[in-house]
Structures are given as C-alpha cells and as structure tokens.
Amino acid sequence: MPNKGGGMSQVAGNFPKGKFIQLVLAAIVAGAAGIGSAHSSDVVLQGSTTFATGIAQPFASSVEAQTGHHLEIIPNKSSLGLLALLERNAELAMISTTLDREVEILRRSDAGLPFGRLKAFEIARTRAALVVHPDNPVRAARLQEIGKILTGEISNWKQLGGPDLPIRVVAVREGGGVLASVEARLLGAAHISAPDTIRVQVGTQIIKVVAQEPGAIGITQLAIVKSSSAVELVTDEPIEQILSLVSLDDPSPAASAIIEAFRRIASQGS
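Remember, the working numbering sits 4 above the position in the sequence shown when you count from 1.
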C-alpha cells in the first residue's frame, strides 16, 4: 500500500532527525503567532464619515506604525458608530458632533441603551460647509439667515437677493454629525422643519443632489467640498464640529494608545 505520508518522509529525509523536528515546531509556533497577531491587534473604528475622511483614513498608517495595531475603519454615520460600539461591533466610535447631541438623538429611538457608559475623547475640530447650485448667484449668507432657511421662514432665494426660486434644503437623515452640529448651532434643541427637505442616506450624495437641484442648499462636510467642484455658500461665522473617538467604559490599552496617537498626529497637522 502506498505510504500516504511519503511526501513528508521525503522532506524529512533531507534533514537530520532532530533538526527536522525543530523546523516543524518552529513553523507551528510561527504560524500560531501569525494567526494571533492578525486578529488580536485589529481595532475597529466605526461612525462619522467626517472623522473618517478628515482624520482616520489620512492618519491611519501613522497611527498603526506608532501603536502596532491595525485599524479597520468603517465610515457611515456618528449614530451608527455609537450603536456599533454599544453592540460591541466596534472598539471605538467616530463622531463629528458632541456626544450629548448624538445621545439625545439616539434616546428617541431606544432610551434603554447604556448611554452613561460612553466616554468621548476629542481629537480635533473642523467646520461644516453649505453648498449651492453652480448657477445660484447667492454665494454668502449670515448664520441667522441660514437658520431661517432651515425652519422655512426664508423659503425663496429672492429673499436673499437671488433669483425667484424656491429653496430646498438637502441633508442626511438624522444621526449624522454634520447635521447635528448645524442644528445645535442654529436651531438649539429644534430640528430642520423647512418644507420639501430632501433627505439622503450619506453625505457624499448631497453634492450630487445639489448639482441637479437649482434651488438647493446642502449641509455637508468641509472635506467633501474641498475634494469636489461644489460651490460653497460662505457664512459670516463658521459652524464648528468637534471630532471625537468614543469608547464604551474606559478604553482598552490598545484603544487608549490609538486615541493618543490620533491626538498627537492631528495636533501636528493642524
């Protein structure tokens, strides 16, 4: 009967017995170590696309080099990042507004979640951006006027010196950090109530919708505007966004190292 282990026997025959056993053991140990490191050092960051495009993705390789941990970055929305964190599907959530504002939004759908265990760590700050259709001659407005647009009190561009054209607000659905920051600054505890508001799923869709809708004003992130041909509507004051990483309870040693690395690199790049 053929020897099923013949292949191994032939290989073993090329080495002294003791040396071959040492090589096999070394290969097993190395393989086990490789498997462990490939999984145990991965850290999942999920949430804000503003944080992901402005901080996490540009600085990921530097953070990985400094900490020895591989980052898996999943951009969606601040609220989804917090839900993933609470469900233990992420080690850190990325948010682009205050934690209090996001928690206030999430409480309306599930007040029983352990929000008190969430801890935010500010990494950097940026600002929100407003965009209009390229044919719209109105290129500047005061924040007070933007607030009135969001409530519907100003509903036509002619009220701002522009064409006789209905204004249509374009924004993501609730839970996005950019929208939460804009609403908090301009509307306090209230939310957009302008009629015929166009809601999209993610911030990158806002630029496309505004480009097709002559009367649109879109609420989006600065990084998207800078990387596109979108026309920004300049305001008299910036609408600041706080970019933070959030942990469930105290961060693990790996998460703490990542938080501090992002802080160092972001401060050097500012």
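Note that CB positions come from ideal geometry on N, CA and C, so glycine has one too.
Is isoleucine 196 near the ligand MG - that is, is its Cβ less than 8 Å away from at least one heavy atom of it?
This structure does not include the ligand MG; it has no bound ligands of any sort.
Grab me the residues of glutamate 241's own chain with a C-beta within less than 6 Å of its C-beta, minus the 5 sequence neighbours each way, in chain order.
Walking along the sequence shown from the start, residue 241 turns up at place 237. Closer than 6 Å at the Cβ level, and outside the excluded window around glutamate 241, lie Leu147.
Measuring CA to CA, which of Lys162, Gly156, Phe125, Ile171 is closest to glycine 222?
Taking the sequence shown and counting its residues from 1, the one referred to as residue 222 is at position 218. Of the listed residues, the one whose Cα sits closest to glycine 222 is Ile171.
Identify whether glycine 180 lies in helix, strand or coil by the three-state DSSP scheme.
Position 176 of the sequence shown, counted from the first residue, corresponds to residue 180. The answer is coil: DSSP assigns glycine 180 none of H, G, I, E or B.
Below 9 Å between beta carbons: does that hold for proline 257 and phenylalanine 125?
In the sequence shown, the residue the question calls residue 257 occupies position 253. In the sequence shown, the residue the question calls residue 125 occupies position 121. Not in contact: proline 257 and phenylalanine 125 (Cβ atoms no closer than 9 Å).
Please go through the same chain and pick out, in chain order, the residues whose beta-carbon is closer than 7 Å to the beta-carbon of glycine 207, but skip the five residues on each side of it.
In the sequence shown, residue 207 corresponds to position 203, counting from 1. If we look at glycine 207 and ignore the five residues flanking it on each side, its Cβ neighbours are Thr53, Val176, Gly180, Val182, Thr224, Gln225, Ile228.
Measure the Cβ-Cβ separation of arginine 131 and glutamine 245 and say whether it is below 9 Å.
For the purposes of this step, residue 131 is taken as residue 127 along the sequence shown, with counting starting at 1. For the purposes of this step, residue 245 is taken as residue 241 along the sequence shown, with counting starting at 1. The answer is yes: Cβ separation under 9 Å.
Between which two residues does the beta strand (DSSP E) harbouring arginine 129 extend?
Residue 129 sits at position 125 when you count from the first residue of the sequence shown. Start and end: 122 to 136.
Please specify which runs of the beta strand (DSSP E), each continuous and at least 3 residues long, are wholly inside the segment 139 to 200, giving them in chain order.
Entirely contained in the segment 139 to 200, the beta strand (DSSP E) runs reaching 3 residues are, in chain order, 172 to 176.
Under three-state DSSP, which class holds arginine 92?
Working through the sequence shown from its first residue, we reach residue 92 at position 88. Arginine 92 falls in the coil class under three-state DSSP.
Apart from the five residues on each side of it in sequence, which residues of its chain come closer than 8 Å, Cβ to Cβ, to glutamine 272?
By 1-based counting over the sequence shown, the position of residue 272 is 268. Excluding positions up to five away in sequence, the list is empty.
Could you round the C-beta distance between serine 65 and serine 82 to whole angstroms and report it? I think they count as a contact, below 8 Å.
Position 61 of the sequence shown holds residue 65. Position 78 of the sequence shown holds residue 82. Going by Cβ atoms, the distance from serine 65 to serine 82 rounds to 24 Å, so no, they are not a contact pair.
With DSSP run on the structure shown, which of helix, strand or coil describes glutamine 216?
For this step, residue 216 is matched to residue 212 along the sequence shown. Glutamine 216 falls in the helix class under three-state DSSP.
Does DSSP put serine 4 in a helix, in a strand, or in coil?
Beyond the ends of the chain as shown, which are 5 and 274, falls residue 4; an answer cannot be given.
Thinking C-beta only, is isoleucine 158 closer than 9 Å to threonine 239?
By one-based count along the sequence shown, residue 239 stands at place 235. By one-based count along the sequence shown, residue 158 stands at place 154. No. Outside cutoff.
Near alanine 259, what residues of its chain come up, given a Cβ to Cβ distance below 6 Å and the 5 sequence neighbours on each side ignored?
Taking the sequence shown and counting its residues from 1, one reaches residue 259 at position 255. Once the five neighbours on either side are set aside, the close Cβ partners of alanine 259 are Glu95, Leu96, Ser251.
Tell me, to the nearest whole angstrom, how far the beta carbon of serine 185 is from that of isoleucine 243; I am working on the premise that it is less than 8 Å.
Position 181 of the sequence shown holds residue 185. Position 239 of the sequence shown holds residue 243. With 8 Å as the limit, serine 185 and isoleucine 243 qualify as a contact, their Cβ atoms being about 6 Å apart.
For the alpha helix (DSSP H) holding serine 66, just list the boundary residues, first then last.
Taking the first residue of the sequence shown as 1, we reach residue 66 at position 62. Per DSSP, serine 66 belongs to the alpha helix (DSSP H) from 61 to 71.
Provide the residue(s) that pair with threonine 239 in DSSP beta bridges, ordered along the chain.
Position 235 of the sequence shown, counted from the first residue, corresponds to residue 239. Looking at the DSSP assignment, threonine 239 forms a beta bridge with Ala145.
Give me the residue from Arg203, Arg267, Thr71, Ser233 with the minimum Cα distance to valine 135.
Translated into the one-based positions of the sequence shown, residue 135 becomes position 131. Among Arg203, Arg267, Thr71, Ser233, the Cα nearest to that of valine 135 is on Ser233.
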